[in-house]
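Taking our numbering, the leading residue of the sequence shown gets 5, the next gets one more, and so forth. Here a beta-carbon is modelled for each residue, glycine too, at the ideal position from N, C-alpha and C. As structure tokens, the structure follows; a few thoughts come after it.
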Amino acid sequence: MKFVYSNHALEQIKRRNLSQNLVEEVLKSPESIISSGNLKVFQSVIKTEQSKRFLLRVFVNTGKLPATVVTVYKTSKIEKYHEGKI
5 MKFVYSNHAL EQIKRRNLSQ NLVEEVLKSP ESIISSGNLK VFQSVIKTEQ
55 SKRFLLRVFV NTGKLPATVV TVYKTSKIEK YHEGKI
């Protein structure tokens, strides 16, 4: 699936000190995908160089062509969101 980034998503990637490459890795090979209508959340647990773990969540509007990444964030609340909650 081909993706484009909204301006908001690009701003969030920069503001949260994430790399676009990391986001694309999650989009290519997510640990899980949660769906709610046209909104899908691609997510994976990421381990930093300091051995900290966080869940990277990439929200995609699949109702648009091409699919549009609308926002991105990371959270340390892995169990809360990894259970299928948007």
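Span of the beta strand (DSSP E), counted from its first residue to its last, around R61 = The residue given as residue 61 occupies position 57 in the sequence shown. 57-65 is the extent of the beta strand (DSSP E) around R61.
Cα separation between G41 and Q47?
-> Counting from 1 along the sequence shown, the entry for residue 41 is found at position 37. Counting from 1 along the sequence shown, the entry for residue 47 is found at position 43. As the crow flies, the alpha-carbon of G41 is around 17 Å from that of Q47.
Between A71 and S36, what straight-line distance do the alpha-carbon atoms span, to the nearest angstrom?
-> What you label residue 71 is simply residue 67 of the sequence shown in a count that begins at 1. What you label residue 36 is simply residue 32 of the sequence shown in a count that begins at 1. Each residue's Cα considered, the two are about 17 Å apart.
Would you give the residue range spanned by the alpha helix (DSSP H) that Q24 belongs to?
-> Taking the sequence shown and counting its residues from 1, one reaches residue 24 at position 20. For Q24, the enclosing alpha helix (DSSP H) has its first and last residue at 24-32.
Does the beta-carbon of K56 have 16 or more other beta-carbons within 10 angstroms, so that it is buried, or is it exposed?
-> One-based indexing of the sequence shown puts residue 56 at position 52. The residue in question, K56, is exposed, as its Cβ has fewer than 16 Cβ neighbours within 10 Å.
Rank K81, R61, L69 by C-alpha distance to the C-alpha of L119 and give the top, closest one.
-> The requested residue 119 does not occur in the structure, where the chain is confined to residues 5 to 90.
Which partner residues does K44 have in the DSSP bridge list?
-> Position 40 of the sequence shown, counting from 1, holds the residue named residue 44. Paired residue(s): S39, V64.
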